[in-house]
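Below is one structure, written out as structure tokens, with a few remarks after it.
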Amino acid sequence: MIIAAANPLTLPDYIVIALYLVGTIAMGVVIGSRMKTGKDFFLGGRRLPWWAIGMSLVATDIGGTDIIGVGGAAYKYGLAVANFEWIGCVPAMIVGAFVFIPFFYRAGVYTVPEFLERRYNAGVRSVMAVCWLLFMACNLGIMLLASAKMMSAVFGWNEVACIIVTAVLVGAYTFVGGLAAVVYTDMIQCVVMIVGCLLILVLGLVEVGGPSELQDRLAEADARAIAAEVAADEAAGAHEVRPPQPGSSSTERTSLILPVDTESPFPWPGIYFGLALILSPAYWIGNQAIVQRSLGARSEFEAKASYVWGALLKNIIPLIVAVPGLIAVALLPDLKDGDAAIPNLVGVLLPVGLRGLFVAAFLAALMSSIDSYLNSAATIVSNDFYKRFVDQDVSEERLLKVGRVTTVALVAWAVAFAFLLTAMSEESSIYAIFQTLMAFFQGPAFAILLIGILWRRATGNAALAGLLCGIATSVSLYALNQPAVYEALGWQPLFRIKEPFLYFSIWAFAVTSVVLVVISLLSGPVPEEKLQYVFGWQSQAKTADPPATARAESKNS
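Residues 1 to 557 (full-length UniProt numbering) make up the sequence shown, in order.
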């Protein structure tokens, strides 16, 4: 049941929201008036400062999926979801800053797939470009769905209308302003969303009586839930009453480290091996929507500094997006959809005016992610497909137009995909859908990036074979873990936990690595021009815009 709609927004709330939206769109239009070339649109002309990029990285990563999805996951499973920030994001960002970003920046590329062509071959670039484009296109739909849940709860609007309104607003200023508009609006949005989430955290803790009282309220809520399950079993005439399920106790709700036998998607092996070592580094090092910002920095030093600054800011995020999910368990224990927890808290906790500020904060988070993925997906279409297969001599001005047309097409796709996701979100949390999509290919993507930079012998054909085998592994594991499949085969589920995307990434990474290493050892030597992208080898790509011959050489591996 949506409670927030019972406390509708008042005129002061609408004024706050309107001021935010008008200011954001105006900033995008002003910056967009300076866009002259594709380089301006896709990389901000390589004039972006480190402090703005760092805040943009945080704003993009939090996004609507985190405010709604992480809060919802904390409501369903507990505080272990915070590991995605503390154990996942922060270490990965530091490694990315000092190991990977220098290679990307020196190569002068627009996209991560373009870098992979330089290191390996055109086939690897094509596969990764398709993977990232599909991921970002689907993720746009996920974020629009998150917006619909919040706006429907707060405004009482139809979800379809919410999806369309959000898509048009964000698409408009991304279409005009490109990456520079994305980064500078993200900077403002970062501040707004941190303030808005802090409001929910502080007022929620006051409402429940502080951290100690919150622990007691969680225990009471869990006791009621267990009693209800037992009563349901007895009423159904079950021969054996189910014991309390792992992940349902207040102890697990407030624990960062969960046991192997938990039904939560966050058991400790998955967190330490799947998340910390594979999925998070893959996201922060290989995600075009993330890396593209640092490629627009004024220098290599500022590109690295942006990641370090973002990592420092990320330390506070779990407190302001995950803990409110636990507060919702104490105050609203009977919600059927965990993703409705934060929207409901808005109506329950916030007074007039502040409710509008939080809605603005949510819109800020949502818009910062959507604009990022729109711009990055348009960059991949323009540079990894149009420029390679349609018009290799395309002018920068023409590329700018292609990027803008692509932005419009992606907005239309995202709206359609969001409609399809509406039914799915009842069974799987928004956050789990997002992470599962990433697990399909991010383990293999990180394997070829890591081995390609650390090992001279890694060859292009081996990387392509490993990438395809790894993706096939993760998709197969997902399919074999679906009830309809393993029941038809007469098997047991491969993984006990719900939504085991962390385990998918572990196996996919391992398969990719083995295939890549074995085939490389059986292959001939790597061309000398590829070795400039190997860690510890003298890099020849010292400038932000390397000679055009580098592009031609990369196609001959």
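Glycine residues also receive a C-beta, built at the ideal position from the N, C-alpha and C atoms. Model, not experiment: these values are computed from the prediction.
### Message
Quick check: V58 and K336, are their CB atoms within less than 8 Å of each other?
### Response
no
### Task
Would you identify the three-state DSSP class for L48, choosing helix, strand or coil?
strand
### Query
Between which two residues does the alpha helix (DSSP H) containing T305 stretch?
Checking the displayed sequence, the identity of residue 305 turns out to be Ala instead of Thr. Its alpha helix (DSSP H) spans residues 300-314.
### Message
If I follow the unbroken alpha helix (DSSP H) through G353, where does it start and stop?
### Response
Element bounds for G353: n/a, residue is neither H nor E.
### Query
Opposite A297 in the DSSP bridges: which residues?
L48
### Cβ contact check for the region 318-333 and the region 108-127: 3 or more pairs under 8 Å
no
#### Entry: Collapsed DSSP secondary structure at P113 in the structure displayed
helix
### Task
Count the other CB atoms, across all protein chains shown, that sit within 10 Å of the CB of T512; report buried if there are 16 or more and exposed otherwise.
buried
#### Entry: Outcome for L19 when other beta-carbon atoms lying within 10 angstroms are tallied against a minimum of 16
exposed
### Task
Within its chain, find whatever has a CB closer than 8 Å to the CB of I380; leave out the 5 residues flanking it on each side and keep chain order.
T111, P113, A129, W132, L133, M136, Q288
### Residues near L11 in its chain [Cβ-Cβ closer than 7 Å; skip 5 each side]
none
### Task
Indicate whether V184 and M27 have their beta-carbon atoms separated by less than 8 Å.
Position check: residue 184 holds Tyr in this sequence, whereas Val was assumed. Yes, these two residues count as a Cβ contact at 8 Å.
### Query
Three or more C-beta pairs closer than 8 Å, one from the region 43-54 and one from the region 298-307: is that the case here?
yes
### Query
Leaving out the 5 sequence neighbours to the left and right, which residues in its chain are closer than 8 Å to W507 when beta-carbon positions are compared?
G443, T473, S474, L477
### Task
May I ask which residues mark the beginning and end of the alpha helix (DSSP H) holding E487?
483-489
### Message
Does P527 come out as helix, strand or coil in the three-state DSSP assignment?
### Response
coil
### Task
With a floor of 4 residues, list each alpha helix (DSSP H) that falls wholly inside the region 315-401, ordered by position along the chain.
317-321, 323-331, 341-349, 354-380
### Query
Can you tell me whether L522 is buried or exposed, with buried defined as 16 or more other CB within 10 angstroms of its CB?
exposed
### Query
Are G96 and Y373 closer than 8 Å when you measure CB to CB?
no
### Query
In whole angstroms, what separates the C-alpha of V515 from that of L169?
45 Å
### Message
Distance check for V348 and L357, CA to CA, integer angstroms please.
### Response
15 Å
### Host alpha helix (DSSP H) of V534 (start-end)
V534 -> no alpha helix (DSSP H), and no H or E assigned at all.
### Task
Following the continuous alpha helix (DSSP H) through Y105, name the residue where it begins and the one where it ends.
101-107
### Task
Would you kindly work out how many angstroms separate the C-alpha atoms of I87 and Y272, rounded to a whole number?
8 Å
### Message
Within a Cβ cutoff of 8 Å, which residues of the same chain sit near I188, ignoring the five residues on either side of it in sequence?
### Response
G23, T24, M27, A364
### Query
Which term fits Y77, buried or exposed, when burial requires 16 or more other beta carbons within 10 angstroms of its beta carbon?
buried
### Query
Any idea what DSSP makes of A18, helix, strand or coil?
helix
### Query
How about M193 and I62: do their beta carbons lie closer than 8 Å?
yes
### Task
Name the two residues that bound the continuous alpha helix (DSSP H) containing Q492.
Unbroken run through Q492: none, as it is neither H nor E.
### Query
Taking C-beta to C-beta, are E117 and R125 nearer than 8 Å?
yes
### Task
Could you check what DSSP says for P500 in three-state terms: helix, strand or coil?
coil
#### Entry: Those residues which DSSP pairs with P281 across a bridge
None, per the DSSP bridge assignment.
### Task
Give the range of the alpha helix (DSSP H) segment to which A445 is assigned.
442-454
### Task
Give a yes or no on whether the C-beta atoms belonging to S369 and A92 are separated by under 8 Å.
no
### Task
Could you tell me the distance, in whole angstroms, from the CA atom of A219 to the CA atom of I68?
23 Å
### Message
Between Y75, D186, M143, G141, which has its C-alpha nearest L21's C-alpha?
### Response
D186
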